[in-house]
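Asks:
Numbering (my numbering), first residue to last: 1495 to 1627.
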């Protein structure tokens, strides 16, 4: 055997060793990919019940929203009716009620002034009588 043949045998052995060392991580990577594939399949199988439950929930929520829409439509109609009724009430009775309130306020103020003026005159008369005596 010549030196070139021995060098070729050493190089071939080193290459085989390199291939074996690289094969171990490749095999582990292959196992990891297999496990990832299995996990993805399981996750896919478990999502069907989740989606079914989500669909049922959304259907229930939509039903409740339709009920709420009906209630709010009724409330809107009622508030419109109340607004119209209050406008009619204000238009027909508001003016006379304000005038009546103003009149009663003015009368009570005038009566209080008369009473206080009467009381002032009575006090003045008592003071004058005491001053004469």
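Beta carbons: idealized from backbone N, C-alpha and C, even for Gly.
Values in this document were obtained by computation on a predicted structure and should not be read as measured data.
1. If you draw a straight line from the alpha carbon of residue 1503 to that of residue 1513, how long is it in whole angstroms?
2. Which of the three DSSP states, helix, strand or coil, is assigned to residue 1602?
3. Under three-state DSSP, which class holds residue 1496?
4. Do you know how far the Cα of residue 1571 is from the Cα of residue 1562?
Replies: To lay it out plainly:
1. In a straight line, the C-alpha of residue 1503 is about 15 angstroms away from that of residue 1513.
2. Three-state result, residue 1602: helix.
3. In the three-state scheme derived from DSSP, where H, G and I count as helix and E and B as strand, residue 1496 is classed as coil.
4. Cα to Cα, residue 1562 sits roughly 14 angstroms from residue 1571.
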